[in-house]
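There are 4 protein chains.
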Amino acid sequence: MADGRVKVGMIGSQFQADIQVTSYHMGYEAEVVAVASPTPGNAAEFAKKLKIPRVFTDYREMLKERDIEVVSICAPNSLHAQMTKDIAAAGKHIICEKPLAMTIAEGEEMIDAAKRHGVLLMYGEELFFTPKYLKAKEMADAGAFGKVHLVKQSEKHFGPHSPWFWDINRSGGGALMDLGCHGIAFCYWFLGRPKLKSVYCQLGTYVHADKTKPDDESLCILEFENGVMGLVENSWARRGGMDDRIEVFGSEGLTYANLHMGNALPTFSERGYGYAVEKAPTTTGWMYPAFEELWNYGTPQELAHLARCARGKESLQSTGEDGLMLMRALYAGYASAGEGRKITLPYQPPSGVKRPIDLWLNGPAYPKKP
Amino acid sequence: MADGRVKVGMIGSQFQADIQVTSYHMGYEAEVVAVASPTPGNAAEFAKKLKIPRVFTDYREMLKERDIEVVSICAPNSLHAQMTKDIAAAGKHIICEKPLAMTIAEGEEMIDAAKRHGVLLMYGEELFFTPKYLKAKEMADAGAFGKVHLVKQSEKHFGPHSPWFWDINRSGGGALMDLGCHGIAFCYWFLGRPKLKSVYCQLGTYVHADKTKPDDESLCILEFENGVMGLVENSWARRGGMDDRIEVFGSEGLTYANLHMGNALPTFSERGYGYAVEKAPTTTGWMYPAFEELWNYGTPQELAHLARCARGKESLQSTGEDGLMLMRALYAGYASAGEGRKITLPYQPPSGVKRPIDLWLNGPAYPKKP
Amino acid sequence: MADGRVKVGMIGSQFQADIQVTSYHMGYEAEVVAVASPTPGNAAEFAKKLKIPRVFTDYREMLKERDIEVVSICAPNSLHAQMTKDIAAAGKHIICEKPLAMTIAEGEEMIDAAKRHGVLLMYGEELFFTPKYLKAKEMADAGAFGKVHLVKQSEKHFGPHSPWFWDINRSGGGALMDLGCHGIAFCYWFLGRPKLKSVYCQLGTYVHADKTKPDDESLCILEFENGVMGLVENSWARRGGMDDRIEVFGSEGLTYANLHMGNALPTFSERGYGYAVEKAPTTTGWMYPAFEELWNYGTPQELAHLARCARGKESLQSTGEDGLMLMRALYAGYASAGEGRKITLPYQPPSGVKRPIDLWLNGPAYPKKP
Amino acid sequence: MADGRVKVGMIGSQFQADIQVTSYHMGYEAEVVAVASPTPGNAAEFAKKLKIPRVFTDYREMLKERDIEVVSICAPNSLHAQMTKDIAAAGKHIICEKPLAMTIAEGEEMIDAAKRHGVLLMYGEELFFTPKYLKAKEMADAGAFGKVHLVKQSEKHFGPHSPWFWDINRSGGGALMDLGCHGIAFCYWFLGRPKLKSVYCQLGTYVHADKTKPDDESLCILEFENGVMGLVENSWARRGGMDDRIEVFGSEGLTYANLHMGNALPTFSERGYGYAVEKAPTTTGWMYPAFEELWNYGTPQELAHLARCARGKESLQSTGEDGLMLMRALYAGYASAGEGRKITLPYQPPSGVKRPIDLWLNGPAYPKKP
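Protein chains in written order, with this note's numbering: chain X, 106 to 475; chain S, 106 to 475; chain F, 106 to 475; chain V, 106 to 475.
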């Protein structure tokens with residue numbers, strides 16, 4: 106098992122699973138050899154489309170495959186903890202999609218399980234591998250901007266693909282939970298993982314109130330120990346396709362990195378052309394098509410890194426601990442929206458709270474949603 | 106006096122006075138016939154440069170000039186109230202640069218004085234006249250974006266020109282006071298002046314701590330009565346020249362309007378060329394020079410509007426009441442930064458507070474500056 | 106007649122006449138008091154829409170109006186010469202839309218007529234007044250780019266509004282004639298009117314072959330006496346709305362000025378919003394709406410300049426001689442496309458040629474259209 | 106030798122050799138095991154920097170290494186032909202940097218030699234592998250733009266790194282030869298390799314006349330058999346760093362792809378940060394730093410493709426025949442500039458002409474350089 110490609114089992118057959126399998130197969134370090142998905146037929150169809158040899162409806166059966174070294178979790182947030190514990194017990198490395206879990210306790214159990222079984226628990230944050238953002242960090246680390254005092258990240262689109270996101274029992278929250286975890290992670294990582302001092306969020310549900318309780322718009326202000334500010338903006342209510350961008354400001358300079366409209370080929374077409382960019386509503390008229398989208402997100406690089414870690418060639422750049430830190434930040438964020446005040450960390454949610462969003466929906470001190 | 110150009114007297118001879126006089130003279134409705142500035146020589150030099158016939162060191166002397174119909178206040182914030190009352194008493198219309206005053210009470214007195222003397226009190230908010238932003242509003246009002254739920258405005262540069270800004274006794278605050286008043290006004294106006302429900306600000310002093318106590322970086326989240334969010338970002342710590350931009354998001358669309366890098370002519374020069382854009386550090390290397398900068402800001406349009414109002418041809422689009430609303434928002438904003446919680450409006454600052462920034466610097470409940 | 110606004114008579118009631126009347130009325134120097142258009146009803150409808158008091162079907166009747174000082178020609182190219190001679194004979198100043206005429210001889214007669222009758226003949230080139238391009242010229246003249254060796258201008262859209270453009274008996278040519286006259290004029294003016302040494306054009310008819318013989322795509326290379334190159338690109342076959350841009354390259358620097366996508370507010374709308382920009386196909390989806398389009402083109406500034414010239418306050422910046430120079434360049438350009446070689450100037454077309462495009466369509470030495 | 110990585114020998118140790126070795130080592134298919142460079146010390150230094158085990162001063166010695174399967178030629182143009190023949194005779198595959206050779210006859214001999222010895226001759230055109238441009242081609246091939254009628258490509262910077270470029274005995278020409286070969290190849294490839302019907306170039310020497318005879322600025326118009334136009338712009342006289350961009354126009358749409366300013370992170374730095382982008386003059390002030398520059402150019406993809414071709418897994422996408430076609434186009438281009446007329450292909454230069462540029466410098470019919 107120590108030579109050749111790292112063999113991967115995939116849990117999930119929806120949007121993110123597709124991105125991951127495609128990304129694994131763009132590199133040389135790993136290959137996806139099995140897929141598990143509970144809905145009858147889903148795994149088989151997915152496996153056929155992406156040329157995956159083995160198919161399972163129960164991921165626990167897949168875990169019995171001896172040659173599988175890494176298992177990817179691309180399933181609803183509410184299932185992450187149990188799956189992680191099962192995979193760890195089977196002695197396989199794990200990559201868990203963001204956010205890490207539903208509760209802080211779950212996150213702690215996941216880290217503990219991986220530790221006990223001696224396997225890697227990678228937290229699936231591709232922004233740590235996004236080439237354009239790495240260039241920004243490289244410049245910042247080289248002193249280009251002097252002392253950095255403000256880092257911004259924003260991800261916006263018109264809402265997720267898979268229906269479970271709209272069910273807070275399975276997702277735990279809305280745009281802040283789904284996308285804000287990227288932005289908070291980004292600021293934290295960009296600055297070299299300083300302690301997060303406080304979080305403040307303003308949330309609203311503007312466009313999808315018919316089908317969801319959660320926030321579809323989120324503004325989030327971070328304060329780090331060294332005095333640096335973060336500003337994270339997220340939306341499930343932004344028309345016109347996917348948008349991901351960062352800005353960095355320091356005493357001696359600044360940089361803007363726009364992943365979508367920035368990199369795009371501004372294009373007008375009467376007829377359309379198949380595919381423009383993630384979540385684009387159309388390919389006719391003016392549009393901002395992306396090129397080599399996955400590579401520009403960094404998912405192939407992220408998964409190649411995991412494969413090299415599995416072989417002991419590199420050490421994990423995105424860990425369960427990162428994911429746990431984000432769980433704390435997300436709970437603090439929803440609490441701040443509920444209470445209308447900044448929440449200082451470390452923050453311990455009231456006992457019994459099982460979904461971050463509840464701290465907003467049931468916020469004690471402040472009138473809730475607009 | 107009812108025909109020919111409206112005659113204007115200018116109080117001030119620094120940066121903003123220069124912008125205003127140049128802007129008045131770009132149109133046909135008004136002409137600046139006098140300037141008053143207390144520092145010996147300043148008014149004379151300014152008058153010579155800008156071809157203004159009459160010069161005063163005491164503005165009260167200027168107010169005796171019979172033919173002057175409008176007086177512009179381009180003086181430190183701490184002088185606005187007294188000047189406005191004096192001008193009103195002299196029976197002349199007033200345009201007062203932003204922010205309106207140091208305290209809410211002063212603002213109320215100014216409005217009252219204008220009312221009593223039957224003169225106009227214009228609040229100098231040029232963003233209500235910025236052509237590019239007017240196009241965004243025109244589209245929003247035509248329903249282009251469906252129901253708007255987020256409006257953003259940002260103004261950033263490396264700090265003001267005139268030294269009084271750095272003295273909080275004369276300015277009352279930092280970047281939030283100086284620039285945030287633009288952004289809050291913009292969101293308010295763009296949305297049709299809905300009631301402002303709450304304000305939350307995060308402030309910091311990062312770059313100019315040597316010469317100033319005030320905030321040089323500000324993030325500000327607004328919540329309006331109809332549920333719409335505003336996000337206002339300001340900086341006195343942004344390198345590379347002036348930056349002013351807006352974003353608008355609604356259920357059916359969005360728009361981006363970038364006043365500086367957007368409109369600019371991306372230009373590289375080994376030799377330089379005199380002037381690029383407000384607060385640009387240089388004209389060599391790559392730079393984003395502006396064209397017809399004042400027209401693109403909207404100051405000539407703003408002052409032509411005032412002249413037409415003075416003749417009864419139009420009704421004021423930017424009033425003392427707008428300025429007063431902003432004073433309340435600024436006090437609430439500094440208080441929110443001091444207390445680490447959103448402040449709901451109407452907000453009454455503790456009695457005795459004479460400078461908005463004190464509510465942050467002396468914030469009771471929360472450790473202050475990073 | 107020497108005080109008050111300059112009174113203008115308009116010949117034409119189509120697209121360009123609308124732009125001109127609207128532009129005249131944006132300033133204070135002039136007012137359009139009459140319109141003449143031969144098609145019954147057209148002038149009346151136009152006059153009603155734009156609030157013009159007097160209406161004529163025969164422009165010669167309009168020329169009898171004593172108070173009219175300036176007459177604008179917004180009529181098919183084939184009518185320019187006769188109209189100019191009639192207006193000059195009536196003792197009124199003229200602004201003639203581009204291109205100046207159908208033949209070089211006509212252009213010479215027009216200049217001669219104006220001279221004999223002591224009236225001004227302005228050539229309607231608004232690029233000499235386009236604010237963004239003026240900034241580029243200001244920088245160039247300040248030495249920002251060192252010695253300039255390449256100037257580019259490009260105007261592209263999907264074809265003209267008025268049907269006469271498609272009839273070469275009335276237009277004399279296609280995209281090169283209609284739009285290339287702008288670009289050649291721009292390079293010439295930008296460089297300080299150096300002698301034009303040679304022209305080379307490549308033409309094609311790609312999209313509108315069903316309804317037109319003329320070129321709908323043109324590439325044009327200019328060589329000036331001082332060795333500088335010009336590159337002019339034009340199209341009636343560009344989808345997605347109007348596009349106008351320049352680039353300037355010199356030994357010490359360069360600049361890019363993009364009038365449309367550059368200045369625009371990138372906007373997405375599900376519903377649309379009335380108007381985006383000249384020749385935009387729609388206002389839904391992504392689009393690049395313009396703000397204050399006419400001002401950004403420079404037409405109000407151009408016409409205000411004319412009014413000031415009519416009063417002797419300024420001297421003409423765009424003359425009949427400029428237009429005549431362009432006629433020579435256009436003939437040389439079509440000849441170069443016909444012959445497949447650069448044509449050196451001065452160039453005298455073969456006698457009997459009445460339309461520039463004939464030199465391409467009947468080009469002796471080279472297979473013509475693709 | 107048929108498994109493991111393809112072993113590569115490099116001829117050259119300057120700028121392009123560095124790009125190639127770095128690019129080879131970004132992939133898994135190939136490794137550079139030897140380098141040859143005649144100047145004493147150069148190869149050793151280069152080998153040390155880039156971790157290449159074997160060093161030669163005479164490339165013919167390197168060709169004796171049994172395990173080397175592919176040899177890269179990154180040497181002056183005048184040496185390409187002899188090297189190619191020697192490598193072919195040694196039974197190794199060849200990648201030859203652009204342009205292919207000095208003369209058409211040389212190019213024919215190179216193709217013939219490769220054929221006789223049964224080795225691959227790859228022509229080093231990375232634009233066929235540039236990811237952003239591949240997206241444009243993918244859209245075009247999907248019909249997004251309808252029938253394409255104009256393809257543009259432009260590469261501009263302030264002149265090459267290696268001194269031999271300035272010596273026409275070793276380079277054969279200037280900006281048209283060095284950069285125009287990219288643009289002509291791009292248009293040809295983008296359109297599916299239609300027959301090239303004619304070429305017309307305008308050349309000038311504006312900035313580097315002190316150290317070079319060749320053209321440092323080139324405009325080139327192509328006409329293909331199917332009536333499509335190409336426009337290729339090149340410069341060794343463009344300040345501010347490297348610039349590479351394309352535009353595509355068709356009956357139903359258009360696209361713009363800007364490889365440098367488009368993809369960049371607009372950045373301002375007081376202090377600088379090591380590296381911005383190829384040929385950038387500085388990293389202070391505003392600049393357009395690139396991220397993952399080589400990947401965005403496509404050189405790693407190009408060389409991985411070659412390695413796969415060497416193993417029979419793919420068939421060559423950029424061949425000696427492509428390079429030969431370009432030699433014909435370059436000769437026609439310089440001839441057109443010398444004669445002031447479009448040159449139709451097939452074109453046979455006068456016998457005895459050994460450098461393309463001579464057809465311009467000695468152009469019979471037209472005054473040469475400005």
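For each residue, glycine too, the CB sits at the ideal point set by N, CA and C.
Bear in mind the structure is a predicted one, so any value in this text is a computation, not a measurement.
Check                                                                                                                                                           : Outcome
Applying a beta-carbon distance threshold of less than 8 Å, which residues of chain V neighbour Val95 (chain F)?                                                : Summary: the structure shown does not reach residue 95 (chain F), with chain F confined to residues 106 through 475, and so no result is reported for it.
By the three-class DSSP mapping on this structure, what secondary structure does Arg350 (chain S) have?                                                         : strand
Under 8 Å, do Leu431 (chain V) and Ala290 (chain V) count as touching if we go by C-beta distance?                                                              : yes
Consider the Cβ of Arg446 (chain F): report whether some Cβ of chain V lies at a distance smaller than 8 Å.                                                     : yes
Flag Gly390 (chain V) as yes if its beta-carbon sits less than 8 Å from any beta-carbon of chain S, otherwise no.                                               : yes
So Ile116 (chain S) and Met188 (chain S) are in contact, right, with Cβ under 8 Å, and what is the actual spacing, rounded?                                     : 6 Å
Which value, in whole angstroms, describes the spacing of the CA atoms of Tyr393 (chain V) and Asp321 (chain F)?                                                : 35 Å
At a CB distance below 8 Å, what residues from the region 325-342 of chain X approach chain S? Give them in sequence order.                                     : Ile326, Glu328, Asn331, Gly332, Val333, Met334, Leu336, Glu338, Ser340, Ala342
Which residue's Cα is closest to the Cα of Tyr133 (chain X): X:Lys203, X:Ala412, X:His185, X:Gln422?                                                            : X:Ala412
I think Ala139 (chain V) touches Gly109 (chain V), with their Cβ atoms under 8 Å apart; what is that distance to the nearest whole Å?                           : With 8 Å as the limit, Ala139 (chain V) and Gly109 (chain V) do not qualify as a contact, their Cβ atoms being about 16 Å apart.
Does chain F have any CB closer than 8 Å to the CB of Ala385 (chain S)?                                                                                         : no
Counting contacts by CB-CB distance shorter than 8 Å, is Arg344 (chain X) in contact with chain S?                                                              : yes
Can you grab the Cα-Cα spacing for the pair Phe120 (chain F) / Trp271 (chain V), in whole Å?                                                                    : 53 Å
Can the beta-carbon of Leu301 (chain S) be found closer than 8 Å to that of Val253 (chain S)?                                                                   : no
What does the alpha-carbon distance come out to for the pair Ala470 (chain V) and Ser441 (chain F)?                                                             : A caution first: Ala470 (chain V) carries a pLDDT of 43, below 50, which makes its placement in the model unreliable, though a value can still be read off. The alpha-carbon atoms of Ala470 (chain V) and Ser441 (chain F) are separated by roughly 16 Å.
Using alpha carbons as the reference points, say which of V:Glu330, V:Pro265, V:Tyr361 lies closest to Met347 (chain V).                                        : V:Pro265
Taking Glu375 (chain F) as the query, report the chain X residues whose CB atoms sit under 7 Å from its CB, ordered along the chain.                            : Arg344
Are the C-beta of Leu281 (chain X) and some C-beta of chain S separated by less than 8 Å?                                                                       : no
Tell whether a beta-carbon distance below 8 Å holds between Phe396 (chain F) and Pro236 (chain S).                                                              : yes
So, does the region 198-215 of chain V touch the region 168-178 of chain V, judging by three or more C-beta pairs under 8 Å?                                    : yes
Which term fits Thr360 (chain X), buried or exposed, when burial requires 16 or more other beta carbons within 10 angstroms of its beta carbon?                 : buried
By how many angstroms is the C-alpha of Gly403 (chain F) removed from the C-alpha of Ile52 (chain F)?                                                           : Since the first and last residues shown for chain F are 106 and 475, residue 52 (chain F) lies out of range.
Got a sec, what are the start and stop residues for the alpha helix (DSSP H) Tyr361 (chain S) sits in?                                                          : Counting along the chain, Tyr361 (chain S) falls outside any alpha helix (DSSP H), though it belongs to the beta strand (DSSP E) covering 358-363.
Within 8 Å, do at least three Cβ pairs link the region 357-371 of chain F to the region 364-384 of chain S?                                                     : yes
Which residue's Cα is closest to the Cα of Ile192 (chain X): X:Met334, X:Arg165, X:Asn182, X:Gln406?                                                            : X:Arg165
Starting from the beta carbon of Gly251 (chain F), find every residue of chain S whose beta carbon is closer than 9 Å, and list them in chain order.            : Ser374, Glu375, Arg376
I want to verify the contact list: residues of chain X whose CB lies under 7 Å from the CB of Gln119 (chain S), in sequence order.                              : Going along chain X, no residue has its Cβ under 7 Å from Gln119 (chain S), so there is no contact; the nearest lies around 26 Å.
What are the start and end residues of the beta strand (DSSP E) that includes Asn339 (chain V)?                                                                 : 334-340
I'd like to know if Glu211 (chain X) contacts chain S, where contact means its C-beta is closer than 8 Å to some C-beta of that chain.                          : no
Is the number of C-beta pairs between the region 323-330 of chain V and the region 341-356 of chain F that are closer than 8 Å three or more?                   : no
Could you tell me the distance, in whole angstroms, from the CA atom of Lys261 (chain S) to the CA atom of Pro319 (chain S)?                                    : 15 Å
Could you round the C-beta distance between Glu352 (chain S) and Lys257 (chain S) to whole angstroms and report it? I think they count as a contact, below 8 Å. : 4 Å
Based on Cα-Cα distance, which residue from F:Lys447, F:Lys156, F:Thr424 lies nearest to Val304 (chain F)?                                                      : F:Lys447
Who pairs with Tyr228 (chain F) in a beta bridge, going by DSSP?                                                                                                : F:Cys201
Could you name the residues of chain V that Glu397 (chain X) contacts, counting a contact when the two beta carbons are closer than 7 Å?                        : Pro236
Less than 7 Å between C-beta atoms, sequence neighbours within five positions excluded: which residues of the same chain meet that for Gln422 (chain V)?        : Phe233, His410
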